[in-house]
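Chains Z and H are the protein sequences, given in the same order.
Using our numbering, the first residue of the first sequence is number 2, and each one after it goes up by one.
Using our numbering, the first residue of the second sequence is number 189, and each one after it goes up by one.
Glycine residues also receive a C-beta, built at the ideal position from the N, C-alpha and C atoms.
What follows is a single structure, written as structure tokens, with notes after it.
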Amino acid sequence: NAGVTQTPKFQVLKTGQSMTLQCAQDMNHNSMYWYRQDPGMGLRLIYYSASEGTTDKGEVPNGYNVSRLNKREFSLRLESAAPSQTSVYFCASIGGGPTDTQYFGPGTRLTVL
Amino acid sequence: AQSVTQPDIHITVSEGASLELRCNYSYGATPYLFWYVQSPGQGLQLLLKYFSGDTLVQGIKGFEAEFKRSQSSFNLRKPSVHWSDAAEYFCAVGAGGTSYGKLTFGQGTILTVHP
Numbered sequence: 002n003a004g005v006t007q008t009p010k011f012q013v014l015k016t017g018q019s020m021t022l023q024c025a026q027d028m029n030h031n032s033m034y035w036y037r038q039d040p041g042m043g044l045r046l047i048y049y050s051a052s053e054g055t056t057d058k059g060e061v062p063n064g065y066n067v068s069r070l071n072k073r074e075f076s077l078r079l080e081s082a083a084p085s086q087t088s089v090y091f092c093a094s095i096g097g098g099p100t101d102t103q104y105f106g107p108g109t110r111l112t113v114l
Numbered sequence: 189a190q191s192v193t194q195p196d197i198h199i200t201v202s203e204g205a206s207l208e209l210r211c212n213y214s215y216g217a218t219p220y221l222f223w224y225v226q227s228p229g230q231g232l233q234l235l236l237k238y239f240s241g242d243t244l245v246q247g248i249k250g251f252e253a254e255f256k257r258s259q260s261s262f263n264l265r266k267p268s269v270h271w272s273d274a275a276e277y278f279c280a281v282g283a284g285g286t287s288y289g290k291l292t293f294g295q296g297t298i299l300t301v302h303p
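Right, here's the structure in full:
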């Protein structure tokens, strides 16, 4: 039981390049989330998927797209990376109800030059 | 909209001393409240959570937190800090209903422990 896994762990991009961050969970969770973490700002929600087949914007969605490929996988895409997207990205998942625990992946550290 | 404030950016304590990390939230209804810990270069680990019932919540690693509705606070405490507690701590609030997983985090408090 690996929990929530993310790939890659580190990535350096040039401005304008695109990339996809991958996330998978093996806990049969319904809901999955993408957050970004910036110094002094905590974590902010980018996009989420309450269930397979649905996605919705969070607090900071501009410049990102997501795909809920199946119940296990939720990817985050940067179509044209900008230096402002330099951050640590965390994927998370939660099971069937509010009393369940939200589990976080180890993070992807992205630098955009 | 919900919000969370952690007034202390950085706290330093001596090993063995007591600890209290402050958290204030803003939310219209009864909130779901969480404390997470993050060690350098790692993901977030849940310490404890509050949904309803007893306002004093026990968590892992000897931590506890008290929900005070009148003060809109959910402060984290530990009676005796260990060097391994050095990390960054995040308070978070979750919405109710179908949005329960959408967490709003505070800015974080970095804890340094002196030997």
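Through-space distance from residue j to residue i, alpha-carbon basis
i, j, result
"Thr193(H)", "Gly294(H)", "5 Å"
"Ser88(Z)", "Phe255(H)", "32 Å"
"Phe251(H)", "Leu114(Z)", "40 Å"
"Glu80(Z)", "Gly229(H)", "26 Å"
"Ala83(Z)", "Gly54(Z)", "28 Å"
"Tyr90(Z)", "Asp101(Z)", "22 Å"
"Pro303(H)", "Ser272(H)", "11 Å"
"Lys266(H)", "Tyr213(H)", "20 Å"
"Asn71(Z)", "Glu203(H)", "47 Å"
"Lys237(H)", "Pro99(Z)", "10 Å"
"Leu244(H)", "Asn263(H)", "10 Å"
Contact under 8 Å by Cβ, residue i with residue j
i, j, result
"Cys24(Z)", "Gly106(Z)", "yes"
"Arg45(Z)", "Tyr65(Z)", "no"
"Gly59(Z)", "Tyr48(Z)", "yes"
"Val269(H)", "Ala217(H)", "no"
"Phe222(H)", "Gly282(H)", "yes"
"Gln26(Z)", "Arg73(Z)", "yes"
"Leu234(H)", "Gln226(H)", "no"
From the options, residue whose alpha carbon lies closest to that of residue i
i, options, result
"Ile95(Z)", "Thr56(Z), Ser52(Z), Gln18(Z) and Ser19(Z)", "Ser52(Z)"
"Ser191(H)", "Ile248(H), His302(H), Cys279(H) and Pro303(H)", "Cys279(H)"
"Ser50(Z)", "Asn31(Z), Val61(Z) and Arg37(Z)", "Asn31(Z)"
"Ala3(Z)", "Arg110(Z), Tyr104(Z), Pro9(Z) and Asp39(Z)", "Tyr104(Z)"
"Ser258(H)", "Pro219(H), Ile197(H) and Ile298(H)", "Pro219(H)"
"Arg110(Z)", "Pro62(Z), Asp39(Z) and Gly43(Z)", "Asp39(Z)"
"Arg210(H)", "Asp196(H), Val201(H) and Glu203(H)", "Asp196(H)"
"Leu14(Z)", "Gln86(Z), Ala93(Z), Gly97(Z) and Thr8(Z)", "Gln86(Z)"
Identified DSSP bridge partners for residue i
i, result
"Val113(Z)", "Leu14(Z)"
"Trp35(Z)", "Tyr48(Z) and Cys92(Z)"
"Thr200(H)", "Thr300(H)"
"Trp131(H)", "Because chain H in this structure spans residues 189 to 303, residue 131(H) falls outside the shown range and cannot be described."
"Gln194(H)", "According to DSSP, Gln194(H) bridges with nothing at all."
"Glu80(Z)", "Note: Glu80(Z) sits in no beta bridge, so no partner."
"Cys24(Z)", "Gln7(Z)"
Heavy atom of the ligand PLP within 7 Å of residue i beta-carbon
i, result
"Gln103(Z)", "Among the ligands in the structure shown, none appear at all, so the ligand PLP cannot be discussed."
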